[in-house]
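Numbering (my numbering), first residue to last: 112 to 348.
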């Protein structure tokens, strides 16, 4: 019993991420297990681009059921919390589909365990997800942070400062390479060089394609000292 307790304590000290491959498929599938959900990611198979993907899950080795169909290359499966000291085990696979929703390729089959997380693992998840928002939803031209993931060309100076600091953390922790972080920073700085400024101060919002000011409110259409300070804190870090 003493040895079992030691094993349990060691398990709770590491980030709870499990991705064991049960069967090789036509394209790789990776999965991360947390305390209430699993996150799946995959790359498109070689050949003709699929029209979509069917995500399937098996519980306890039973037959696979369809969770849904998506055109994205990721899926979040919110399984619920298993309870203290308990765990859920799931198997996942993804089918690439043609326009008639017929399978043209199948991913690896992976197994994921959902179980309570340690405080350290929870902080890892929050840091990784925070970084990914700024990294994956950064504006394609400027590299700056969008106000929201549905904001189109609207980018925000303060949020971009937060994003830059998140990129430094990601490079330090090995989630991206130092070269990738450097390239994004050079993209941002190169864009800001020619963007609107007011006595050296950037606006709260600007167009991420051309650098023109977008009014934040009726009387906030010029330089924003607070937002610019957040941006500079990120750049100076």
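Glycine is no exception: its CB is placed at the ideal position from the N, C-alpha and C atoms.
So, using beta-carbon positions, are residue i and residue j closer together than 8 Å?
| i | j | result |
| --- | --- | --- |
| residue 292 | residue 278 | yes |
| residue 271 | residue 334 | no |
| residue 342 | residue 302 | no |
| residue 269 | residue 338 | yes |
| residue 184 | residue 152 | yes |
| residue 187 | residue 178 | no |
Which value, in whole angstroms, describes the spacing of the CA atoms of residue i and residue j?
| i | j | result |
| --- | --- | --- |
| residue 215 | residue 222 | 22 Å |
| residue 173 | residue 207 | 21 Å |
| residue 266 | residue 242 | 16 Å |
| residue 305 | residue 154 | 36 Å |
| residue 170 | residue 201 | 5 Å |
| residue 198 | residue 224 | 7 Å |
| residue 196 | residue 181 | 33 Å |
| residue 257 | residue 220 | 35 Å |
| residue 290 | residue 299 | 14 Å |
Measure how close the beta-carbons of residue i and residue j come, nearest whole angstrom, since I'm counting them as under 8 Å.
| i | j | result |
| --- | --- | --- |
| residue 140 | residue 240 | About 20 Å separates the two Cβ atoms, so there is no contact after all. |
| residue 252 | residue 320 | 5 Å |
Using a Cβ-Cβ cut-off of 8 Å (strictly less than) and excluding sequence neighbours within five positions of residue i, which residues of its own chain qualify?
| i | result |
| --- | --- |
| residue 310 | 334 |
| residue 332 | 314, 324 and 326 |
| residue 161 | 155, 207, 208, 209, 215 and 216 |
| residue 246 | 274, 277, 278, 281, 287 and 295 |
| residue 118 | Any reading at residue 118 is ruled out, since the residue's pLDDT is 35, under 50, leaving its predicted position unreliable. |
Determine the DSSP secondary structure at residue i, reduced to helix, strand or coil.
| i | result |
| --- | --- |
| residue 122 | In this predicted model, residue 122 has a pLDDT of only 38, less than 50, meaning its place in the structure is not dependable enough to derive any value. |
| residue 247 | helix |
| residue 287 | coil |
| residue 189 | strand |
| residue 135 | coil |
| residue 152 | strand |
Would you say residue i touches the ligand SAH, meaning its beta carbon is less than 7 Å from a heavy atom?
| i | result |
| --- | --- |
| residue 157 | Absence of the ligand SAH from the depicted structure is noted, as is the absence of any ligand whatsoever, leaving it without description. |
Using a Cβ-Cβ cut-off of 7 Å (strictly less than) and excluding sequence neighbours within five positions of residue i, which residues of its own chain qualify?
| i | result |
| --- | --- |
| residue 322 | 302, 305, 306 and 307 |
| residue 193 | 199, 225 and 226 |
Short of 6 Å in beta carbon distance, which residues of its chain neighbour residue i, apart from the five on each side in sequence? Order them along the chain.
| i | result |
| --- | --- |
| residue 149 | 142, 188 and 223 |
| residue 137 | 156, 216 and 217 |
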